[in-house]
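Asker: Respectively, the protein sequence lines represent chains A and B. For the first sequence, position 236 (counting from the first letter as 1) is numbered 232 according to the working numbering, and the numbering increases by one without interruption. For the working numbering, count along the second sequence from 1 and bump the result up by 1. All C-beta atoms in this analysis are idealised placements derived from N, C-alpha and C, irrespective of residue type, glycine included. All values reported here derive from a predicted model rather than from experimental measurement. Can you read through this structure? Questions will come right after.
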Amino acid sequence: MHLAEIGAGRCTITDDTVVSERDPEMSQVLLGLLVLYEDLSYASQQRADAEAALRLVAEERARLLEDRRQAVTARDQFLAVAAHELRTPLATLALLVDYLIVPMAPHSKTEPGGVVVQMRQLAMVKRQVDRLTALVVEMLDVSRITRGSFQLNPAPVDLRDVVREVLDRFDLEIQRSHVRVTVNAPDPAPGIWDAARIDQVITNLISNALKYGAGRPIEVSVRVEASQAVVVVRDHGIGIPEDEQSKIFGPFARVVAAKHHVGLGLGLWIAQQIVQASGGRIKVDSRPEQGSTFTVELPL
Amino acid sequence: MELEQRPYGPGSTREESEAIADRASVVDDRILLIDELPVQSPFSVKIMFDRFRALAHDWDRFAYVVDLTEAKRPNPETRAALKAQILDISPRVTHLAVAVGDNLLMRAMARLFAYGMGLTNVTIHATRAEAIEETRRAMGR
């Protein structure tokens, strides 16, 4: 007679013991025990697999919930920032318009220096209108990108010219902030891109470099490599902590607290969308208090 | 084609799948044969029973022979697949005759399977010819 031992992941019955058993009934019993043991082990394994799958589903669910929570937080932050950003120029505009109405009264026109004051106030009005327009354009871009109706109009353009035009527009701001900006673009960088959109990307990078550059020098370079044109904007400012670097290209990203710097936190996200839609890529290399280097690579 | 002594899975070629399906055939009117593979798998069980069902499509009742002469004992996963297929066709089965040759292990396995599934219209035979003969008798011929 075969002495069978079954339990705790161990079964001494094998096919050979079943076949070698002389008593047909005992052989049948041994096989039954063996099959029962195997079926229970299989069911146990199936249950363990199902539990593991359930754990995965639970983890995925928790992750999705966390993503959703973060998305809701980001949306709420965005709404708060957008409201603040829109309210600030509007308040300034309202105040300026009040000032402008007063000198328009007949007795005020003759006051000494009245026209000069009015011109200065109008220039301030223009700046605030421009700021509001930029915010609205940024929000429209987000709307187009998320709706999938964002389109590029590529045409032949020299990347070097785009960079120069952007820097020309920033000339006054650069002078006012006493930041030294050097440009290294010795050769033409012709390609077929949407000039207005690439302008938008570079504008964002230069604007960020001025905002977060802590007044230190900024270097801009344009070069052509084997199959791509490369623009590099480097500042020596506050930099970005390593754990934040992956987030800065996300929508509503803001590494620095909103109270310190204006904007909706959408610029780099829009820039990345434009660069990717152009077949290129944008990347950052940064260290806190040492500065950031943004590199845009566009296919030729 | 010659099938190898290994379990066949979803990665099998069309020729292999066809050769597996061909192991199910018609012996006589309303009598079918399953010539079981040496090494069965849930995949091969499904392929063979798909062909089996196609062959028996027009018959409300039929008998069949399963030849286990060359077969090895199926693993728990394959047994589960086999049970599901056998239970699915069992309402239309008049008789099941199993040929086991001198395969003692499969003889015991067939008995255990029939008993475990509550099948009463099952006989076990030494040869395929005997099994076919028994199905003919069961069909009243």
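Relative to chain A, which residues along the segment 72 to 90 of chain B have a C-beta separation below 9 Å, given in chain order?
Answerer: Listed by position, the residues of the segment 72 to 90 of chain B near chain A (Cβ gap below 9 Å) are 73, 74, 76, 77, 78, 80, 81.
Asker: Using a C-beta cutoff of 8 Å, does residue 29/A count as contacting chain B?
Answerer: No - not a single Cβ of chain B is within 8 Å of the one on residue 29/A.
Asker: DSSP state of residue 9/B, grouped into three classes?
Answerer: Three-state result, residue 9/B: coil.
Asker: Chain A partners of residue 52/B, CB-CB under 7 Å?
Answerer: Simply none; closest approach about 26 Å.
Asker: Under 8 Å between the Cβ atoms of residue 22/B and residue 33/B?
Answerer: No.
Asker: Taking only three categories from DSSP, how would you classify residue 9/A?
Answerer: DSSP places residue 9/A in coil when its eight states are reduced to three.
Asker: Which chain B residues sit within Cβ distance under 9 Å of residue 47/A?
Answerer: Within chain B, no residue comes near residue 47/A; the closest Cβ sits about 18 Å away, beyond 9 Å.
Asker: Can you give me the start and stop residues for the beta strand (DSSP E) that residue 63/B sits inside?
Answerer: Note, residue 63/B: beta strand (DSSP E), 63 to 68.
Asker: When you compare only the Cα positions, how much space is there between residue 83/B and residue 59/B?
Answerer: Their backbone Cα atoms lie some 22 Å apart in a straight line.
Asker: Taking just the CA atoms, how far does residue 6/B sit from residue 39/B?
Answerer: Roughly 6 Å between the two C-alpha positions.
Asker: If we cut at 8 Å on Cβ distances, does residue 110/B have a partner in chain A?
Answerer: Chain A, which has a Cβ nearer than 8 Å to the Cβ of residue 110/B, makes this yes.
Asker: Look at the alpha carbon of residue 295/A and the alpha carbon of residue 42/B, and state the distance between them as a whole number of angstroms.
Answerer: About 52 Å.
Asker: Residue 121/B CB to nearest chain A CB: under 8 Å?
Answerer: Chain A, which has no Cβ nearer than 8 Å to the Cβ of residue 121/B, makes this no.
Asker: Report yes or no: do three or more beta-carbon pairs, one from the segment 190 to 206 of chain A and one from the segment 159 to 173 of chain A, lie closer than 8 Å?
Answerer: Yes, the segment 190 to 206 of chain A touches the segment 159 to 173 of chain A.
Asker: For a test of the three-state rule: what should DSSP assign to residue 41/B, helix, strand or coil?
Answerer: Three-state result, residue 41/B: coil.
Asker: So what does DSSP say about residue 227/A, is it helix, strand or coil?
Answerer: Note: residue 227/A maps to strand in three-state DSSP.
Asker: Taking residue 105/B as the query, report the chain A residues whose CB atoms sit under 7 Å from its CB, ordered along the chain.
Answerer: Under the 7 Å cutoff, chain A gives 15.
Asker: Determine the chain B residues that contact residue 34/A at a beta-carbon separation under 9 Å, and present them in chain order.
Answerer: Here the neighbours are 76, 77, 80.
Asker: Would residue 272/A count as contacting chain B if we go by Cβ distances under 8 Å?
Answerer: Residue 272/A does not count as touching chain B.
Asker: How would you call residue 194/A, buried or exposed, if buried means at least 16 neighbouring beta carbons within 10 angstroms?
Answerer: Label assigned to residue 194/A: buried.
Asker: Against chain A, does residue 113/B count as a neighbour if the rule is that its beta carbon must be under 8 Å from one of theirs?
Answerer: Judged by the 8 Å Cβ criterion, residue 113/B is in contact with chain A.
Asker: Please confirm if the segment 122 to 142 of chain B is in contact with the segment 96 to 107 of chain B, defined as three or more CB-CB distances below 8 Å between the two stretches.
Answerer: Yes: the two stretches touch, three or more of their Cβ pairs being nearer than 8 Å.
Asker: Who does residue 218/A pair with in a DSSP beta bridge?
Answerer: In DSSP, residue 218/A forms a bridge with 227/A.
Asker: Please classify residue 42/A as buried or exposed, where buried requires at least 16 other C-beta atoms within 10 Å of its C-beta.
Answerer: Burial call: exposed.
Asker: Grab the span of the alpha helix (DSSP H) containing residue 114/B for me, first residue to last.
Answerer: Start and end: 105 to 118.
Asker: Which residues in chain B sit within 7 Å of residue 23/A, going by Cβ to Cβ distance?
Answerer: Ordered by position in chain B, the residues that pass the 7 Å Cβ test against residue 23/A are 109.
Asker: Report the rounded CA-to-CA distance for residue 44/B versus residue 238/A, giving the unit in angstroms.
Answerer: One C-alpha to the other measures close to 50 Å.
Asker: Taking CB distances under 8 Å as the criterion, tell me whether residue 11/A reaches chain B.
Answerer: It does: the Cβ of residue 11/A has a partner Cβ on chain B nearer than 8 Å.
Asker: Please determine if the segment 98 to 116 of chain B and the segment 64 to 72 of chain B are in contact, where contact requires at least 3 C-beta pairs separated by less than 8 Å.
Answerer: The answer is yes - the segment 64 to 72 of chain B touches the segment 98 to 116 of chain B, with three or more Cβ pairs under 8 Å.
Asker: Find the nearest neighbour of residue 285/A within the set 246/A, 221/A, 211/A, 265/A, judged by alpha-carbon distance.
Answerer: Nearest option by C-alpha distance: 211/A.
Asker: Buried or exposed for residue 97/A, please, with buried defined as at least 16 other CB atoms from any protein chain shown within 10 angstroms of its CB.
Answerer: Exposed, because fewer than 16 other Cβ atoms sit within 10 Å of the Cβ of residue 97/A.
Asker: Look at the alpha carbon of residue 118/B and the alpha carbon of residue 67/A, and state the distance between them as a whole number of angstroms.
Answerer: Whole-angstrom Cα-Cα distance: 54 Å.
Asker: Report buried or exposed for residue 184/A, applying the criterion of at least 16 other Cβ atoms within 10 angstroms of its Cβ.
Answerer: With fewer than 16 other Cβ atoms within 10 Å, it is exposed.
Asker: Residues of chain B with CB under 9 Å from residue 38/A, in chain order?
Answerer: Under the 9 Å cutoff, chain B gives 76, 77, 78, 80, 81.
Asker: What residues in its chain sit with their C-beta under 6 Å from that of residue 8/B, if we drop five residues either side in the sequence?
Answerer: Counting only Cβ-Cβ distances below 6 Å, and skipping sequence neighbours, we find 40, 42.
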